[in-house]
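Visitor: The structure that follows is given in the form of structure tokens.
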Amino acid sequence: MGINTNLFAQEESIKWDEEWDIVVVGSGFAGSAALCQGIELQAKTLMIDKMPVLGGNSAINGGAFAIVGSPQQQERGIEDSYELYVKDIYKAGLGLNQKELVEVIAKNGFEAYKFTTQRGVIYRDNLGHFGGHSVPRTIWPTINSGGKITIPLQEYALKKGATIRTKVILDDLIFDKKGKKVIGIKVRENYKFKFDPNFNEENNKTGVTKYYKINGGVVMATGGFSYDVNFRQKLDSQLTPDLDCTNHYGATAYSLKMMMKHNVKTKDLAWIQMGPWGSPDEKGFGIAPVFAIPAFAYGVMVDARTGKRFVNELADRKIRAEAILKIHKNADGSLTHPIVFCDSVGATGTRKENVYRGIHKKVIHKFDTLEDLAEFYNIPVESLKKTVEDYNRYVKNGKDEEMNKPFFKLRNKFVPDISKPPYYAFRAIPKVHHTMGGVAIDTKARVLDKNENPIEGLFAAGEAVGGPHGASRLGSCAIPDCLVFGRIAAQSAVELLKV
Ligand SMILES: Cc1cc2nc3c(=O)[nH]c(=O)nc-3n(C[C@H](O)[C@H](O)[C@H](O)COP(=O)(O)OP(=O)(O)OC[C@H]3O[C@@H](n4cnc5c(N)ncnc54)[C@H](O)[C@@H]3O)c2cc1C
């Protein structure tokens, strides 16, 4: 089966409004990396985004970026390797991952990091240990925000002569007469996005239609579809509308569905990730996931009904989210939320401002004693104290006998135990967070048709792509994926200009 030729406009019927070498659709990490790369390779490059603000999920993202060989790892004496990185991603993805794509990410992640530093991104001296990673390898820009990566990249590209437009939605791809090659796109300028979880973006007809001719290629950096409540529930019936979502409102399946009409191959669509670190005490992503980084690494998560741990706090997201959902609903219909907490030393694993913000929002609570913590959350106190006692012994011995959580030496000291009050805690609930599935690509970021042949002139990168992360994406691995393949997509599009 090839491209569905009935569905696209034919070359000769188009009156082009503009002409570009590369059009990047989407302004997150993948799009921003593609934009920089395209303009640096002397291509006339345009980036469009349907939203009124730039950045998509990337701009509201936590900025956690996993790479091998960062200065932060070297300075702390952490030994790591590409092989281990690939192994960790593969393990979390239950081996469903497209391994050649994972290897490209692993081998080019450090280069992508350097690419950002050379274009104005600054990273702070901090190293995090995210669930599912064998070693600490996560770094952050100056604050926990992906905007600190996308904005400098976009500013850099603008200075180099790139063009960026908001409120422009891509509606369709335009192929040549044979239906083999993408030669342009149909867009609407002045599009007004309206949010409603049941809103079908197809019914939004705002804006003025324009046709852009494209000489090199289109880079689909259009992100995931976690906020497309209807579409996600068709793929996974458990993902009911009542589940909260961490994404920006524009994370719909509009672009994916358009590409599917053109018989593009998709991969892993039904694998949709829940983040285990959400809080029922705030909407969206919020502050809990930021505090959860040290709380999971240097503290414990207990079942509020028993005071006992029930999962390795550094297991990957899928394992933790499933473990929480298993204990969430009680037989009588009431709900239980597990409690995640660490002590005052553990809490220094994130910036003070993050803890204060959480306390101010009444998401994080501070307690002088374990008794107070137990009383507040209605946890059996003796059981809770025993859990902490046992955990502290495991930390001292460097081995978690109960849940096999990995303990690491940072600057030659073991991670903190839970012994220095005050204690900081939050209630946890999984939230819909990441769509592993998307269009299939090869290692040159070329989008494949259903026969697995590359479609000329069509490239994709970032969360729009299915394959690298298999069943579940490891935390802090989306940024390297987006940056690495965003750059590759633009390089491949520029190659077509030479043909
Ligand atoms: C709250 C939150 C925190 C996260 N934290 C981390 C983290 O710390 N580390 C990590 O590695 N990952 C994290 N992730 C995941 C990561 O942020 C995303 O996977 C990543 O941002 C996706 O980047 P992208 O460039 O593929 O897409 P996005 O950044 O989502 O950008 C896609 C853009 O395409 C636009 N678009 C879509 N369709 C069209 C169309 N038809 N026409 C025009 N424009 C269109 C959208 O409006 C959007 O702006 C987080 C995710 C969320 C939601």
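Just so you know, we're using our numbering here: the sequence shown kicks off at 235 and counts up by one. For each residue, glycine too, the CB sits at the ideal point set by N, CA and C.
1. Can you give me the C-alpha to C-alpha distance between V597 and Y590, rounded to a whole angstrom?
2. State the Cα-Cα distance for the pair V302 and Y319, rounded to the nearest angstrom.
3. According to DSSP, simplified to helix, strand and coil, what is T351?
4. Run through the stretch 311–339 for me and flag every whole alpha helix (DSSP H) of 4 or more residues, listed as ranges in chain order.
5. If you draw a straight line from the C-alpha of N360 to the C-alpha of S315, how long is it?
6. Could you tell me the alpha carbon to alpha carbon distance between F459 and N497, rounded to whole angstroms?
7. Leaving out five residues on either side along the sequence, give the residues of the same chain with a beta carbon under 6 Å from the beta carbon of I312.
8. Have a look at M493, D476, L618 and flag the residue whose alpha-carbon is nearest the alpha-carbon of F544.
9. Just verifying my parser: in three-state terms, what is the DSSP assignment at Y611?
10. Which residue wins for smallest C-alpha separation from N546, given the options N638, E616, A538, V733?
11. For A455 versus A695, is the C-beta distance shorter than 8 Å?
12. Which partner residues does P688 have in the DSSP bridge list?
13. Should N437 be counted as a contact of ligand 1 given a C-beta to heavy atom distance under 7 Å?
14. Which same chain residues, not among the five before or five after E334, have their C-beta less than 7 Å away from its C-beta?
15. State the Cα-Cα distance for the pair I713 and R466, rounded to the nearest angstrom.
16. What's the C-alpha gap between A293 and E616?
17. Can you tell me the Cα-Cα spacing of S568 and Y483, whole angstroms?
18. Could you check if G518 is buried or exposed, using at least 16 other CB atoms within 10 Å of its CB as the buried criterion?
19. Closer than 7 Å: is that where the CB of S489 sits relative to any heavy atom of ligand 1?
20. Under the criterion of a Cβ to heavy atom distance below 7 Å, does D634 qualify as lining ligand 1?
21. Could you give the DSSP three-state label for E636: helix, strand or coil?
22. Is the number of C-beta pairs between the stretch 382–399 and the stretch 649–665 that are closer than 8 Å three or more?
23. In chain order, what residues of the same chain have a beta carbon less than 6 Å from the beta carbon of C716, not counting five sequence neighbours either side?
24. Under three-state DSSP, which class holds H668?
25. How would you write the range of the beta strand (DSSP E) that Y658 sits in, first residue to last?
Guide: According to the structure shown:
1. Residue numbering aside, residue 597 sits at position 363 when the sequence shown is read from its first letter. Residue numbering aside, residue 590 sits at position 356 when the sequence shown is read from its first letter. Each residue's alpha carbon lies about 10 Å from the other.
2. The residue you call residue 302 lines up with position 68 of the sequence shown. The residue you call residue 319 lines up with position 85 of the sequence shown. Near 7 Å, if we compare the C-alpha coordinates of Y319 and V302.
3. To locate residue 351, count along the sequence shown from 1; it is residue 117. T351: helix per DSSP, three-state reduction.
4. If we require 4 residues or more, the alpha helix (DSSP H) runs fully inside the stretch 311–339 come out as 316–326.
5. Translated into the one-based positions of the sequence shown, residue 360 becomes position 126. Translated into the one-based positions of the sequence shown, residue 315 becomes position 81. So the alpha carbons of these two residues sit roughly 19 Å apart.
6. To locate residue 459, count along the sequence shown from 1; it is residue 225. To locate residue 497, count along the sequence shown from 1; it is residue 263. Distance between the alpha carbons of F459 and N497: 19 Å.
7. By 1-based counting over the sequence shown, the position of residue 312 is 78. The answer, listed in chain order, is V369, P370.
8. For this step, residue 544 is matched to residue 310 along the sequence shown. Ranking M493, D476, L618 by Cα distance to F544 puts L618 first.
9. Residue 611 sits at position 377 when you count from the first residue of the sequence shown. For Y611, the secondary structure class from DSSP, reduced to helix, strand or coil, is helix.
10. By 1-based counting over the sequence shown, the position of residue 546 is 312. Measuring from the Cα of N546, the nearest candidate turns out to be N638.
11. The residue you call residue 455 lines up with position 221 of the sequence shown. The residue you call residue 695 lines up with position 461 of the sequence shown. Yes.
12. Taking the first residue of the sequence shown as 1, we reach residue 688 at position 454. According to DSSP, P688 bridges with L682.
13. For the purposes of this step, residue 437 is identified with residue 203 of the sequence shown, where counting begins at 1. A distance criterion of 7 Å places the beta-carbon of N437 beyond contact range of ligand 1, judged by its closest non-hydrogen atom.
14. Position 100 of the sequence shown, counting from 1, holds the residue named residue 334. Closer than 7 Å at Cβ, skipping near neighbours: T677.
15. Here residue 713 is taken as the residue at index 479 of the sequence shown, counted from 1. Here residue 466 is taken as the residue at index 232 of the sequence shown, counted from 1. For I713 and R466, the distance between alpha carbons rounds to 23 Å.
16. Translated into the one-based positions of the sequence shown, residue 293 becomes position 59. Translated into the one-based positions of the sequence shown, residue 616 becomes position 382. Each residue's Cα considered, the two are about 44 Å apart.
17. In the sequence shown, counting from the first residue as 1, residue 568 sits at position 334. In the sequence shown, counting from the first residue as 1, residue 483 sits at position 249. For the pair S568 and Y483, the Cα-to-Cα distance works out to about 30 Å.
18. Counting from one through the sequence shown, the residue named residue 518 turns up at place 284. Label assigned to G518: exposed.
19. Stepping through the sequence shown from its first residue, residue 489 is reached at position 255. Yes; taking the cut-off as 7 Å, the Cβ of S489 has a heavy atom of ligand 1 nearer than that.
20. Here the question's residue 634 lines up with position 400 in the sequence shown. For ligand 1, not one heavy atom lies less than 7 Å from the Cβ of D634.
21. Position 402 of the sequence shown, counting from 1, holds the residue named residue 636. Coil, per DSSP.
22. Output reads no: the stretch 649–665 does not touch the stretch 382–399.
23. Residue numbering aside, residue 716 sits at position 482 when the sequence shown is read from its first letter. The residues are F263, A264, G696.
24. Counting from 1 along the sequence shown, the entry for residue 668 is found at position 434. The answer is strand: DSSP assigns H668 an E or B state.
25. Within the sequence shown, numbered from 1, the residue matching residue 658 stands at position 424. Segment 657–661, the beta strand (DSSP E) holding Y658.
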